[in-house]
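One structure below.
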Amino acid sequence: MKKIKKRFNVDNAKEDLAKRQAIYNKAKEDLELIYNKIKSDYETMGMTLPEDKKALMKKELDALTEKMAILVQFEDKVKKIEDFCNNLECFDNTSKSLDDWMTRASSELDNIKNHSHQMVPEDRVAVCMELQEDIAAKVAIIEESIAKEQELLPQGDSVPSDAMKHKEELARIHEYTLALQGKVKQETAKLFRGC
9 MKKIKKRFNV DNAKEDLAKR QAIYNKAKED LELIYNKIKS DYETMGMTLP
59 EDKKALMKKE LDALTEKMAI LVQFEDKVKK IEDFCNNLEC FDNTSKSLDD
109 WMTRASSELD NIKNHSHQMV PEDRVAVCME LQEDIAAKVA IIEESIAKEQ
159 ELLPQGDSVP SDAMKHKEEL ARIHEYTLAL QGKVKQETAK LFRGC
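Just so you know, we're using the numbering used here here: the sequence shown kicks off at 9 and counts up by one.
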């Protein structure tokens, strides 16, 4: 079997997986039906055939049984595609949730900058510290995603455009989060000086 081209757009990858699963299931069903019919016919013919003819038929059936291993290879390929699609979808969902979080974290930082004068000093510091902890946790998740990206997506010069979109999005999220982390540290330092 040939090497299978990976699709890096989540929707296209799922469509491709569904097609391959349908092809596999149909091929398996058809081949097993034919194989079982031949085996049944062999057993029926074996009742009336002389021993020398049975040996020849058994040899033919054994050769056919060996060729049925193609189904196992096909199933392995489909399973690899399924695993890839699941990993790609998980990676994509992580990036989307991080993007949503970035919006909320930016809003929180804006509230700290522009509305902290309405809070008591202890609350201001507590809010800043919570945001710093949240950002540190997200940085760890982003670093895990970067490691996963290294094994999931192709590396090098000739990266497909769909894969490149995932890489660029993750890089954007990483840069933004690190910048946000720096801004929150500055804001926390200002609040400590102001206390």
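Even glycine gets a Cβ: it sits at the ideal position worked out from N, Cα and C.
Since the model is a prediction, treat every value here as computed from it, not as a measurement.
Grab the span of the alpha helix (DSSP H) containing Q140 for me, first residue to last. Here residue 140 corresponds to residue number 132 of the sequence shown, with the count starting at 1. It spans 129-160 - the alpha helix (DSSP H) in which Q140 sits, taken as one unbroken run.
Where does R201 sit, in a helix, a strand or coil, going by DSSP? Numbered from 1 along the sequence shown, position 193 holds the residue referred to as residue 201. Three-state result, R201: helix.
Alpha-carbon spacing of E5 relative to M65, whole angstroms: Only positions 9 to 203 of the chain appear in the structure, and residue 5 is not among them; the question remains open.
If you drop the 5 nearest sequence neighbours on each side, which residues of the same chain put their C-beta closer than 7 angstroms to that of L178? Numbered from its first residue, the sequence shown carries residue 178 at position 170. Residues S103, S153, I154, E157 of the same chain have their beta carbon placed closer than 7 angstroms to that of L178, with the five preceding and five following residues left out of the count.
Neighbourhood of D15 by C-beta, 6 angstroms cutoff - its chain only, sequence neighbours within 5 removed: By 1-based counting over the sequence shown, the position of residue 15 is 7. Strictly speaking, residue 15 in this sequence is Arg, with Asp absent from that position. Contacts found: A21, D24.
Reduced DSSP secondary structure (H/G/I, E/B, other) of R15: Residue mapping note: residue 15 aligns to position 7 of the sequence shown, counting from 1. Here DSSP, grouped into helix, strand and coil, assigns R15 to coil.
Alpha carbon of A30 to alpha carbon of A144, nearest angstrom: Along the sequence shown, one-based indexing puts residue 30 at 22. Along the sequence shown, one-based indexing puts residue 144 at 136. When rounded, the distance between both Cα atoms is 44 angstroms.
Among V80, T52, D100, which one has its Cα closest to the Cα of E37? Start at 1 with the first residue of the sequence shown, and residue 37 comes out as number 29. When only C-alpha atoms are compared, the closest one is V80.
Integer Cβ distance of V135 from T185, believed to fall under 8 angstroms: Here residue 135 is taken as the residue at index 127 of the sequence shown, counted from 1. Here residue 185 is taken as the residue at index 177 of the sequence shown, counted from 1. Incorrect: roughly 18 angstroms between the Cβ atoms, too far for contact.
Cβ contact (3+ pairs, closer than 8 angstroms) linking the stretch 35-49 and the stretch 58-78: yes
Look up G190 in the DSSP assignment and say whether it is helix, strand or coil. Along the sequence shown, one-based indexing puts residue 190 at 182. G190 falls in the helix class under three-state DSSP.
Please state the DSSP three-state secondary structure of L106. For the purposes of this step, residue 106 is identified with residue 98 of the sequence shown, where counting begins at 1. Of the three classes helix, strand and coil, the one that applies to L106 here is helix, per DSSP.
Anyone know if the C-beta pair for L188 and A113 falls short of 9 angstroms? In the sequence shown, counting from the first residue as 1, residue 188 sits at position 180. In the sequence shown, counting from the first residue as 1, residue 113 sits at position 105. Yes, the pair counts as a contact, with Cβ atoms nearer than the cut-off.
Straight-line Cα distance separating T52 from K173: One-based indexing of the sequence shown puts residue 173 at position 165. One-based indexing of the sequence shown puts residue 52 at position 44. So the two alpha carbons sit approximately 60 angstroms from each other.
Cβ-Cβ separation, V167 to E97 (assumed contact under 8 angstroms), whole Å: In the sequence shown, counting from the first residue as 1, residue 97 sits at position 89. In the sequence shown, counting from the first residue as 1, residue 167 sits at position 159. Incorrect: roughly 19 angstroms between the Cβ atoms, too far for contact.
Rounded C-alpha distance that separates K193 from Q140: Counted from its first residue, the sequence shown places residue 193 at position 185. Counted from its first residue, the sequence shown places residue 140 at position 132. Their Cα atoms are separated by approximately 7 angstroms.
Excluding the five sequence neighbours on either side, which residues of its own chain have a C-beta within less than 8 angstroms of the C-beta of M127, listed in chain order? By 1-based counting over the sequence shown, the position of residue 127 is 119. For M127, where only same-chain residues beyond five positions count, the Cβ hits under 8 angstroms are V135.
Spatial neighbours of V132 within its chain, please: CB distance less than 6 angstroms, with the 5 preceding and 5 following residues excluded, ordered by chain position. Locating residue 132 in the sequence shown gives position 124, counting from the first residue. The question names Val, yet the displayed sequence has Arg at residue 132. Cβ neighbours of R132 beyond the five flanking positions: S124, L199.
Taking the C-alpha atoms as reference points, what is the distance between L57 and P162? Within the sequence shown, numbered from 1, the residue matching residue 57 stands at position 49. Within the sequence shown, numbered from 1, the residue matching residue 162 stands at position 154. Approximately 58 angstroms between the Cα atoms of the pair.
Am I right that I150 and L106 are in contact with their C-beta atoms under 8 angstroms? What's the rounded C-beta distance? Here residue 150 is taken as the residue at index 142 of the sequence shown, counted from 1. Here residue 106 is taken as the residue at index 98 of the sequence shown, counted from 1. The pair is a contact, with the Cβ atoms about 7 angstroms apart (cut-off 8 angstroms).
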